[in-house]
Amino acid sequence: MRTFLLHIAKSGSLAESGLKVIGYFDALVEHRATLEACVRAAAALSQCVAGLRDNASPAVVRFNRRGLLVDGPAAPTTSRVVRIGDRNVGEVWLEREEGPALLDELVVERLALAAGVLWRGSPRPSRSIAGLIDLAVNSRSTPDDRARALDLLGLSSERPLDVLA
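The number in the numbering used here is simply the position in the sequence shown, starting from 1, with 709 added.
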């Protein structure tokens, strides 16, 4: 964002582009887009691969500039943590082979803000009940991940829970 603000004074067209980016993500939030739709939109807007990782599951989604899912390991060149209040719930990023473009910081910042607003009401990419249960009972899960998985399952981490397998 700082880079963008420093360049606003130098270029009217850059400022106009930045305002369009902000308006673009504001419209996604206003229309209650899904997280996947936001990532797909960021990829199309940036003309590069965009991705999202959910901390509560092993799910990672990546879309190319044409809106198609991309497999393989992520290679973020610009990234931002997605926060709800004081909790980190995921991460979003852009991937460019040639390195970050001028507006990438702004795009990723607005994508992270939009994802944070839409996180609770939007289905997580590839999230399944089995994956949430695994997080809730796995001894390697962190207490925060376990609490979030239980919350998403509609269960309380404050009360005892009997599980039958």
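Beta carbons are placed, not taken as given, at the ideal position from N, Cα and C, and that holds for glycine.
So, for residue i: in the same chain, excluding its five sequence neighbours on each side, which residues have a beta-carbon less than 8 Å away from its beta-carbon?
| i | result |
| --- | --- |
| Ser726 | Leu812 |
| Tyr733 | Ala750, Leu754 and Arg819 |
Just mark residue i as buried or exposed, buried being the case when its beta carbon has 16 or more other beta carbons within 10 Å.
| i | result |
| --- | --- |
| Arg711 | Its pLDDT being 47, under 50, Arg711 is placed unreliably by the model, and the measurement read from it follows with that caveat. By the 10 Å Cβ count, Arg711 comes out exposed. |
| Leu859 | buried |
| Leu737 | buried |
| Glu867 | exposed |
Going by DSSP, which residues form a beta bridge with residue i?
| i | result |
| --- | --- |
| Thr787 | Leu803 |
| Phe772 | Ala759 and Leu778 |
| Asn764 | Asn764 pairs with nothing; no bridge assigned. |
| Arg796 | Ile793 |
Smallest Cα separation from residue i: which of the options?
| i | options | result |
| --- | --- | --- |
| Asp854 | Val798, Asp780, Gly794 and Leu728 | Val798 |
| Glu745 | Ala783, Leu827, Asp735 and Thr787 | Leu827 |
| Asn773 | Cys747, Ala856, Val846 and Arg789 | Cys747 |
Note down, in chain order, each residue of its chain lying with its Cβ closer than 6 Å to the Cβ of residue i, except the 5 sequence neighbours on either side.
| i | result |
| --- | --- |
| Arg792 | Gly825 |
Could you confirm whether any beta carbon from chain B is found closer than 8 Å to the beta carbon of residue i?
| i | result |
| --- | --- |
| Arg857 | In summary, chain B is missing from the structure at hand, where a single protein chain is found. |
Three or more C-beta pairs below 8 Å linking the segment 798 to 813 and the segment 753 to 768: Proximity of the segment 798 to 813 to the segment 753 to 768 meets the contact definition, three or more beta-carbon pairs being nearer than 8 Å.
Specify whether the segment 739 to 757 and the segment 814 to 830 touch according to this definition: at least 3 beta carbon pairs, one from each stretch, less than 8 Å apart. yes
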